[in-house]
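Asks:
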Amino acid sequence: MNSYKIKLEDFRSIDAKVFTGRDRGLTVRENSKIDELIDKYDIVEIEIPSDLYSINPSFFEEFLYNIVKKLGKEDFFKRVKFINNGEYEHEEDLLEGVKRILRRTNAL
Amino acid sequence: MSKSISQAILVKKRLKRFLKSLKRKGKIKGHINSVQAPHLSKNLEHLISKSNVFSNKDYSKSSQNKFRIPKIFSLIDSPDDSFAFLKNLLFSLSNQDAFEVVIDYSNCERIDLDASICMDIILKDFITYFNKRSHFGIKNSIKKINTTGESPQIKNFLYSIGAYKNIANRQNKNDESLICYPLCIGYRATKKNDNRNKSNKERDVTNLVDYVNNCLKKLNKSELTAKSKKYIADISGEIITNAEDHSSTNYRYSIGYFEEKVDENLNHYGVFNLVILNFGMSIYERLTNPYECKNSDIIIKMKELSSKYTKESLFSFNEFTEESLWTLYALQDGVSSISPHRGNGTIKFMDCFLKLKGEDYKNDDFSKLSLISGNTLITFDGKYDFKTKIVDGEEFKIMAFNEKGDLDFKPDNNYVRSIPNYFPGTIIIAKVLIKDENIKINS
Numbered sequence: 006m007n008s009y010k011i012k013l014e015d016f017r018s019i020d021a022k023v024f025t026g027r028d029r030g031l032t033v034r035e036n037s038k039i040d041e042l043i044d045k046y047d048i049v050e051i052e053i054p055s056d057l058y059s060i061n062p063s064f065f066e067e068f069l070y071n072i073v074k075k076l077g078k079e080d081f082f083k084r085v086k087f088i089n090n091g092e093y094e095h096e097e098d099l100l101e102g103v104k105r106i107l108r109r110t111n112a113l
Numbered sequence: 002m003s004k005s006i007s008q009a010i011l012v013k014k015r016l017k018r019f020l021k022s023l024k025r026k027g028k029i030k031g032h033i034n035s036v037q038a039p040h041l042s043k044n045l046e047h048l049i050s051k052s053n054v055f056s057n058k059d060y061s062k063s064s065q066n067k068f069r070i071p072k073i074f075s076l077i078d079s080p081d082d083s084f085a086f087l088k089n090l091l092f093s094l095s096n097q098d099a100f101e102v103v104i105d106y107s108n109c110e111r112i113d114l115d116a117s118i119c120m121d122i123i124l125k126d127f128i129t130y131f132n133k134r135s136h137f138g139i140k141n142s143i144k145k146i147n148t149t150g151e152s153p154q155i156k157n158f159l160y161s162i163g164a165y166k167n168i169a170n171r172q173n174k175n176d177e178s179l180i181c182y183p184l185c186i187g188y189r190a191t192k193k194n195d196n197r198n199k200s201n202k203e204r205d206v207t208n209l210v211d212y213v214n215n216c217l218k219k220l221n222k223s224e225l226t227a228k229s230k231k232y233i234a235d236i237s238g239e240i241i242t243n244a245e246d247h248s249s250t251n252y253r254y255s256i257g258y259f260e261e262k263v264d265e266n267l268n269h270y271g272v273f274n275l276v277i278l279n280f281g282m283s284i285y286e287r288l289t290n291p292y293e294c295k296n297s298d299i300i301i302k303m304k305e306l307s308s309k310y311t312k313e314s315l316f317s318f319n320e321f322t323e324e325s326l327w328t329l330y331a332l333q334d335g336v337s338s339i340s341p342h343r344g345n346g347t348i349k350f351m352d353c354f355l356k357l358k359g360e361d362y363k364n365d366d367f368s369k370l371s372l373i374s375g376n377t378l379i380t381f382d383g384k385y386d387f388k389t390k391i392v393d394g395e396e397f398k399i400m401a402f403n404e405k406g407d408l409d410f411k412p413d414n415n416y417v418r419s420i421p422n423y424f425p426g427t428i429i430i431a432k433v434l435i436k437d438e439n440i441k442i443n444s
């Protein structure tokens with residue numbers, strides 16, 4: 006299986022320890038070329054900086070929007086792996102972001 | 002035509018006459034429209050265009066050009082006086098009614114950050130405008146803006162997080178009783194390749210988390226847990242993003258300060274005050290504007306709900322209106338004026354805020370979240386729980402502010418209501434109690 010690693014450190018804003026906002030998610034999606042990488046590689050690894058405070062679900066939502074829509078929830082988690090050695094626990098925010106992508110309706 | 006709109010037009014007409022006079026004297030080449038003449042900021046243009054901005058009372062020209070700050074300067078706890086003050090100051094500066102404007106603090110015993118920052122933004126934008134006009138060679142009627150009557154406590158606030166700091170950048174270095182998250186101004190970039198602003202937002206959020214953490218260190222407490230840092234980052238990140246995305250003037254502001262308190266058992270804890278705001282359309286105005294609200298499904302559903310409320314006579318003028326209802330609904334999970342798959346920021350903010358208060362949040366007398374948008378005030382203090390609603394097999398978090406936890410039933414009037422004063426945009430005012438359970442235990 007071939008794999009590729011995306012380091013979020015390469016896309017971090019200067020002096021920032023968060024990734025937040027859909028606009029930033031879109032920027033990182035485009036700059037990292039993750040939509041193309043998922044077609045080329047079996048596994049895409051995303052490395053989270055170890056001193057991060059938070060990755061906002063809105064960021065995940067936009068960053069991963071196309072690949073979650075394409076792969077679906079199950080295949081997404083099979084093919085996209087997160088490497089996180091810091092204190093920040095990304096799972097809850099990631100799941101929330103994926104859930105929002107797959108949402109079909111709203112509260113009303 | 003309203004007085005305010007005609008006033009805005011008058012400002013432009015005067016400027017145009019001045020430019021034409023410069024052209025006649027040969028000081029401008031080319032068409033006057035090509036000249037980058039000084040103009041009011043988008044914020045100020047928006048504010049003076051609305052005759053009911055801040056207060057329903059007519060603008061009252063101060064005969065002595067003195068503007069007395071209310072005893073309690075707070076949009077929540079002294080709204081009538083505070084909103085009226087802001088309106089009078091705004092139009093006095095716009096009309097340039099006098100040679101000197103004096104802001105009188107002699108009656109003021111308490112300043113809240115929400116009212117203070119609104120005043121600072123107005124003053125800051127006008128001072129910038131007057132300076133540009135002077136540089137351009139246009140005379141200003143107003144020559145000075147001064148203050149008077151500040152008590153030592155008020156002066157300390159002004160130097161730390163108030164007007165002296167935000168406008169003149171004057172700081173009192175000796176007094177550290179207030180620990181501050183300085184004013185952060187964000188601007189929504191209109192060009193696709195302009196990434197500067199996007200970076201500012203993440204820096205502002207990081208700085209906010211660091212500030213809370215540093216405050217705890219200064220209070221000889223240990224650090225926030227990783228989970229609390231995440232929650233604070235999530236809170237501020239979502240709301241700052243919303244404030245920016247939904248600002249029709251493209252600006253958003255955030256500011257805060259942290260103060261130590263001691264309870265009757267001599268327990269130390271911290272209260273973090275935070276204000277995030279934008280000027281522009283209110284939430285309701287955005288939803289009812291066909292050019293602003295791109296999510297037509299939401300509008301259909303909201304209109305159906307309005308019909309239901311109308312049939313059951315649940316609306317009452319000056320107490321609970323369609324605006325109150327739609328503003329409440331706009332905060333819910335999955336609702337957005339921008340697109341169908343957005344709409345999670347404010348409800349997430351409230352959820353995170355609730356968790357940050359800790360297990361005994363219901364007994365917490367300090368923590369409170371207030372949102373004012375247009376003529377609607379929503380207050381959240383943890384009395385009502387979130388309910389989970391299942392729609393088409395999917396779960397959503399609902400905050401209905403009633404015992405049933407159901408949006409089809411009228412919310413508690415103490416928590417969601419119409420107010421007589423109009424806020425021209427959206428402001429969120431938070432007081433967050435940081436307790437020991439949020440603190441990492443040193444090994």
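Going down the list, the sequences are from chains W and B. Just so we're aligned, residue 6 is where the first sequence starts under my numbering, counting upward by one. Just so we're aligned, residue 2 is where the second sequence starts under my numbering, counting upward by one. Glycine included, every Cβ here is placed at the ideal spot set by N, Cα and C. Note that the structure is a prediction, hence the values are computed from the model and not measured.
1. Assign Asp47/W to one of two classes, buried (16 or more other C-beta atoms within 10 Å of its C-beta) or exposed (fewer than that).
2. Confirm, please, whether the CB-CB distance from Ile112/B to Ile277/B is below 8 Å.
3. Note down the Cα distance separating Thr110/W from Lys304/B, rounded to an integer number of angstroms.
4. Considering Asn132/B, what are the terminal residues of the beta strand (DSSP E) in which it resides?
5. Say whether chain W places a C-beta atom closer than 8 Å to the C-beta of Ala227/B.
6. With DSSP as the reference, label Thr427/B as helix, strand or coil.
7. To be precise: take each residue of the segment 7-35 of chain W, compare its Cβ to all Cβ atoms of chain B, and keep it if any distance is under 9 Å. Which residues remain?
8. Should Arg204/B be flagged as near chain W, meaning a C-beta pair shorter than 8 Å?
9. Could one say the Cβ of Val451/B lies closer than 8 Å to chain W's Cβ atoms, at least one of them?
10. Does the beta carbon of Gly406/B come closer than 8 Å to any beta carbon on chain W?
11. At 7 Å on the CB atoms, spell out the chain B contacts of Asn61/W, in chain order.
12. In whole angstroms, what is the alpha-carbon distance linking Thr427/B and Gly27/B?
13. In the DSSP assignment, find the alpha helix (DSSP H) that holds Pro54/W and state where it starts and stops.
14. Whole angstroms is fine: what's the gap from Val33/W's alpha carbon to Gln333/B's?
15. Let me make sure I understand the geometry here. Which of Pro412/B, Tyr330/B and Asp264/B has the alpha-carbon closest to that of Lys398/B?
16. Between the segment 80-87 of chain B and the segment 130-144 of chain B, do three or more beta carbon pairs fall short of 8 Å?
17. Helix, strand or coil for Gly27/B per DSSP?
18. Lys218/B touches chain W at which residues, Cβ-Cβ below 7 Å?
19. What separation, rounded to the nearest whole angstrom, lies between the Cα atoms of Leu57/W and Ser229/B?
20. Suppose the cutoff is 6 Å on Cβ atoms and the five residues either side in sequence are ignored; what does the same chain contact list for Glu245/B look like?
21. In chain B, which residues lie less than 7 Å from Glu92/W when you measure between Cβ atoms?
22. Name the residues in the segment 362-383 of chain B whose C-beta lies less than 9 Å from a C-beta of chain W; which are they?
23. Got a sec, what are the start and stop residues for the alpha helix (DSSP H) Arg69/B sits in?
24. First and last residue of the alpha helix (DSSP H) that includes Ser307/B?
25. Under DSSP, the alpha helix (DSSP H) around Asp382/B begins and ends at which residues?
26. Quick one: which unbroken beta strand (DSSP E) runs of 3-plus residues sit fully inside the segment 64-109 of chain W? Chain order, please.
27. Which of helix, strand or coil does DSSP assign to His247/B?
28. At least one CB of chain B closer than 8 Å to the CB of Tyr58/W: is that the case?
29. Could you pull out every residue in the same chain whose Cβ sits closer than 6 Å to the Cβ of Phe68/W, ignoring the five residues on either side in sequence?
30. In terms of alpha-carbon separation, which member of Ser314/B, Ile73/B and Asn201/B lies closest to Ser107/B?
31. So does Ser79/B have its beta carbon nearer than 7 Å to some heavy atom of the ligand ZN?
32. By a C-beta neighbour count over all protein chains shown, 10 Å radius and 16 as the cutoff for buried, is Gly238/B buried or exposed?
33. Could you list the residues in the segment 246-264 of chain B with a C-beta less than 7 Å from some C-beta on chain W, going in chain order?
34. Measuring only between beta-carbons, confirm whether Lys230/B sits less than 8 Å from chain W.
35. Smallest Cα separation from Ala319/B: which of Glu110/B, Arg287/B, Asp211/B and Asn414/B?
Replies: This is what the structure holds:
1. exposed
2. no
3. At Thr110/W, the pLDDT of 46 sits below 50, so the modelled position is not reliable and the matter cannot be decided from this model.
4. Not the beta strand (DSSP E): Asn132/B falls in the alpha helix (DSSP H), residues Leu114 to Phe137.
5. yes
6. strand
7. Arg17, Ser18, Ile19, Asp20, Ala21, Lys22, Val23, Phe24, Thr25, Gly26, Arg27, Asp28, Arg29 and Thr32
8. yes
9. Limits of chain B in this structure are 2 at one end and 444 at the other, which puts residue 451/B out of reach.
10. no
11. Asp235, Gly238 and Glu239
12. 46 Å
13. Here Pro54/W belongs to no alpha helix (DSSP H), and DSSP marks it neither H nor E.
14. 28 Å
15. Tyr330/B
16. no
17. coil
18. By Cβ distance, chain W contributes nothing, its closest Cβ being about 16 Å from Lys218/B, past 7 Å.
19. 13 Å
20. Gly187, Arg189 and Arg253
21. Ala227
22. none
23. First-last for Arg69/B: Lys67 to Arg69, but that is the beta strand (DSSP E), not the alpha helix (DSSP H).
24. Ser297 to Lys312
25. It is not in any alpha helix (DSSP H) - Asp382/B carries neither H nor E in the DSSP assignment.
26. 85-89
27. coil
28. yes
29. Gly30, Val33 and Arg34
30. Ile73/B
31. The ligand ZN is not part of the structure shown, which contains no ligands of any sort.
32. buried
33. none
34. yes
35. Looking at the sequence itself, residue 319/B is Asn, so the reference to Ala does not match. Here the closest residue by C-alpha is Asn414/B.
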